[in-house]
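Numbering (our numbering), first residue to last: 294 to 739.
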């Protein structure tokens, strides 16, 4: 009996130690990013790599998953290729069944057959290939296999915390180099800090459309957690307000589109009870008050957003780019079947511009075979989500995944690795709702 008690105490102690170590690693990661980006300290990237390595060696699969969720919004400011190579090595050793899984076959066809064939077109880097391989395998291994509900809820909360850190990081760097009035007057879009700074090297920065998608996903995740009652309501209401402001500051038409989808989705899924009507009117009230405040104190922001919809070429040349890529692919049967490869496909095509449609990018880079493989991969993801979401009672679990898929039709997909990793978070958001009931704040189930 004493041996059993000692074993339980030792297990609890080990679990507590790993949790404490995980929190320290997350805290140090955030401090290092801010010390480098905001205070200009020269911090070697191998310090962050060392933290990730220590986490991989002394923690467990659960905390690696949580750490990935935490670093998603700030990942552009991290040496993530090294981090994911480390995590891939751990998964191969600790979870070989996740790696050597039949569901991974379509992915392996892409990364071990289709992509390597692009070496014959030139502009192929083995380092870049290893980065793509590690990010894809780690992300999809967790998407297909990880099922701890409590960790999924924590992953969503960690993503939201990190999004706030990333948003504030970008805002502070931007304002430090240009006044708010200057930004509003000249319609400078929040996201890509190179527009207002001369900072080079690794830093937290995103193109405005990607930041807009991250903002909309933050709103959707907050709505899911609000409905689940898994955290204090005021926290998620503040995150929604913050995310809306960040999204509006990007002046992104993508954010407006995704915002309309969020409103429509919430309206449709909330109008089945009196409580649902109260929720939707409360949400609309928050948006209306935000609009009035922004219109009163930052009228230039509303004007700049409006001007984005009244330009003579609302596509910003994207239609011409789309047609150019389709002409190249359709005129060459081999390129149509196998694509150009994801590395430097802009140079290989001679267009020198990225695709602005995620589906077309898959066709251009991996061809028709790649399209078929990705469709199978997403069918597996959808089946995975369907087993986790309360299909009849809580369809809002689909919202982050839906927003990402729609948003990716307006930007790049697999060539921007953050979009692969944020896919993991959207699946986590859906998996916070198991079929046997919604987890409430007191640990009971509905």
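Ideal Cβ placement from N, Cα and C applies to all residues, glycine included.
Classify residue i: buried if its beta carbon has 16 or more other beta carbons within 10 angstroms, exposed otherwise.
i: residue 705; result: buried
i: residue 599; result: exposed
i: residue 405; result: exposed
i: residue 709; result: buried
i: residue 691; result: buried
i: residue 527; result: exposed
i: residue 349; result: buried
i: residue 319; result: buried
i: residue 545; result: buried
i: residue 397; result: buried
i: residue 308; result: exposed
i: residue 335; result: exposed
i: residue 497; result: buried
i: residue 641; result: buried
i: residue 317; result: exposed
i: residue 672; result: exposed
Let's see if you can read the secondary structure: which residues bound the alpha helix (DSSP H) around residue i?
i: residue 449; result: 442–470
i: residue 435; result: 419–438
i: residue 528; result: 526–542
i: residue 252; result: Residue 252 cannot be examined here, being either before or after the span of the chain that is shown, 294 to 739.
i: residue 688; result: Where residue 688 is concerned, there is no enclosing alpha helix (DSSP H), given that its DSSP letter is neither H nor E.
i: residue 627; result: 626–631
Can you tell me which of the three DSSP states residue i falls into?
i: residue 723; result: helix
i: residue 520; result: helix
i: residue 648; result: coil
i: residue 498; result: coil
i: residue 482; result: coil
i: residue 663; result: helix
i: residue 251; result: No information on residue 251 is available, as it lies outside the stretch 294 to 739 that the chain covers here.
i: residue 709; result: coil
i: residue 394; result: coil
i: residue 416; result: coil
i: residue 683; result: Summary for residue 683: the model assigns pLDDT 49, below 50, so the residue's position carries little reliability; its value from the coordinates is reported in the next sentence. DSSP places residue 683 in coil when its eight states are reduced to three.
i: residue 614; result: helix
i: residue 510; result: helix
i: residue 388; result: coil
i: residue 742; result: Because the chain in this structure spans residues 294 to 739, residue 742 falls outside the shown range and cannot be described.
i: residue 635; result: coil
i: residue 545; result: coil
i: residue 578; result: helix
Output needed for residue i: all residues of its chain with C-beta closer than 6 Å, excluding positions within five of it in sequence on either side, in chain order.
i: residue 703; result: 547
i: residue 421; result: 636
i: residue 722; result: 449, 514, 517, 693
i: residue 654; result: 648, 705, 706
i: residue 375; result: 342
i: residue 613; result: none
i: residue 542; result: 483
i: residue 312; result: none
i: residue 501; result: 482, 484, 543, 545
i: residue 505; result: 540, 543, 545, 547, 548
Starting from the C-beta of residue i, find all residues in its chain whose C-beta is less than 7 Å away, skip the five residues before and the five after it, and write them out in chain order.
i: residue 611; result: 649
i: residue 629; result: 622, 623, 660, 661
i: residue 451; result: 359, 362, 363
i: residue 744; result: Outside the modelled stretch of the chain, which goes from 294 to 739, sits residue 744, for which no answer is possible.
i: residue 414; result: 633, 634, 641
In its own chain, which residues sit with a C-beta less than 8 Å from the C-beta of residue i, not counting the 5 before and 5 after it?
i: residue 431; result: 361, 377, 380, 381, 384
i: residue 678; result: 690, 691, 694, 720, 723, 724
i: residue 696; result: 506, 509, 510, 513, 551, 554, 555, 719
i: residue 699; result: 550, 551, 554
Jot down the residue ranges of each uninterrupted beta strand (DSSP E) in the region 294–381, minimum 3 residues, whole runs only, in chain order. none
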